[in-house]
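In what follows, a structure is listed as structure tokens, so that the remarks can point back to it.
Next comes the structure, spelled out in structure tokens:
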């Protein structure tokens with residue numbers, strides 16, 4: 001049985017992060033994910049998870065300045081020490097909060113840097129992450145992000161992700177597959193899921209264009225969700241979209257496709 005989660009960094013943003021756990025429970029979710037939970041203390045998050053009987057299924061390693069327009073950490077030569085510190089912080093949160101998966105964002109190729117050194121740095125940092133995370137029983141994943149929303153991102157498509165898996169060559173490492181990002185890159189969602197499902201550790205979804213909830217765009221989520229539910233995949237499926245109007249009115253897809261989920 002696949003496990004359905006809601007992303008608290010992009011949904012319920014009408015209220016502060018600490019108030020979003022209650023809304024997740026109100027709308028019937030058992031699992032939540034947070035991109036960067038570090039604005040809250042471990043104790044604050046644990047209290048919310050306990051009060052609302054939720055599990056936190058995914059967090060990201062801190063990504064430096066990536067989300068504010070910078071290049072990030074993981075694939076940037078010269079940022080290895082900072083990445084190591086960020087990884088240690090993520091492990092502290094994940095271990096204390098029983099988070100099963102941690103995502104490593106590759107970052108962007110700096111304008112003044114060659115691609116190959118960036119990819120070598122990323123592979124080295126992913127090996128370190130695999131060693132440190134798997135040693136704590138945590139699944140390391142890395143994500144492909146489309147080049148429209150984030151130009152120069154180091155891992156943009158399935159082929160590049162496959163190459164990075166080969167370069168890292170660690171059995172713990174898997175892809176985080178975001179249907180929205182892959183659709184934006186022109187990938188065939190069903191085909192790439194079918195071909196790579198054994199190498200996928202976490203799935204996220206939003207519709208295209210707009211990155212809103214399912215059934216607001218052009219993606220056939222009836223087929224996508226049906227295939228995932230009948231596949232060998234047993235991980236989390238997380239809603240990571242920008243609600244078209246108001247978060248609390250964006251869950252028609254949940255009753256339609258996941259009436260028996262969680």
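Numbering (full-length UniProt numbering), first residue to last: 1 to 262. Every residue gets a Cβ at the ideal spot worked out from N, C-alpha and C, and that includes glycine. Every value quoted in this text rests on a predicted model; they were computed, and no experiment measured them.
Contacting residues, own chain, Cβ-Cβ under 8 Å from residue i (five flanking each side not counted)
i           : result
residue 206 : 178, 179, 180, 212, 213, 214, 239, 240, 241 and 242
residue 208 : 180, 183, 184, 217, 218 and 219
residue 62  : 36, 38, 73, 86, 89 and 90
residue 23  : 12, 15, 247 and 248
residue 172 : 130, 133, 134, 139 and 140
residue 151 : 108
residue 232 : 197 and 198
residue 98  : 55 and 56
residue 102 : 58, 59, 60, 61, 90, 91, 94, 129, 133, 138, 139, 140 and 141
residue 227 : 190, 193 and 194
residue 53  : 25 and 30
residue 147 : 153, 156 and 185
Rounded distance between the beta-carbons of residue j and residue i, thought under 8 Å
i           : j           : result
residue 164 : residue 155 : 6 Å
residue 88  : residue 58  : That belief does not hold up - the Cβ atoms of residue 88 and residue 58 are roughly 18 Å apart, past 8 Å.
residue 136 : residue 95  : 5 Å
residue 203 : residue 237 : 5 Å
residue 256 : residue 250 : With 8 Å as the limit, residue 256 and residue 250 do not qualify as a contact, their Cβ atoms being about 12 Å apart.
residue 229 : residue 2   : 6 Å
residue 66  : residue 17  : That belief does not hold up - the Cβ atoms of residue 66 and residue 17 are roughly 19 Å apart, past 8 Å.
Own chain partners of residue i with C-beta closer than 6 Å, once the 5 adjacent residues on each side are dropped
i           : result
residue 48  : 21
residue 175 : 161, 199 and 200
residue 6   : 24, 29, 32 and 239
residue 110 : 71
residue 76  : 107
residue 117 : 77
residue 51  : none
residue 64  : 72 and 73
residue 273 : Nothing can be reported for residue 273, as the shown portion of the chain is limited to 1 through 262.
Exposed unless 16 or more other CB atoms sit within 10 angstroms - verdict on residue i
i           : result
residue 187 : buried
residue 224 : buried
residue 141 : buried
residue 259 : exposed
residue 115 : exposed
residue 107 : buried
residue 92  : exposed
residue 143 : buried
residue 69  : exposed
Own chain, CB closer than 7 Å to residue i, minus 5 neighbours either side, in chain order
i           : result
residue 192 : 158 and 182
residue 100 : 57, 138 and 139
residue 127 : 168 and 170
beta-carbon residue i near the ligand NAD non-hydrogen atom, thresh 7 Å
i           : result
residue 194 : This structure lacks the ligand NAD; in fact it carries no ligand of any kind.
So, does the segment 78 to 86 touch the segment 25 to 43, judging by three or more C-beta pairs under 8 Å?
Flag = no, the segment 78 to 86 and the segment 25 to 43 do not touch.
Any 3 or more C-beta pairs closer than 8 Å across the segment 167 to 177 and the segment 119 to 126
The segment 167 to 177 is in contact with the segment 119 to 126.
Which parts of the segment 97 to 180 are runs of the beta strand (DSSP E), unbroken and 3 residues or longer, counting only runs that do not cross its ends?
Qualifying beta strand (DSSP E) stretches, in chain order: 101 to 104, 139 to 143 and 174 to 178.
Going residue by residue through the segment 186 to 257, where are the continuous alpha helix (DSSP H) segments of at least 4 residues, counting only ones entirely within it?
Runs found: 189 to 196, 221 to 229 and 252 to 257.
Which runs of the beta strand (DSSP E) fall wholly inside the segment 37 to 91 and span at least 3 residues, in chain order?
Taking only runs of at least 3 residues, the beta strand (DSSP E) segments lying wholly in the segment 37 to 91 are 55 to 60.
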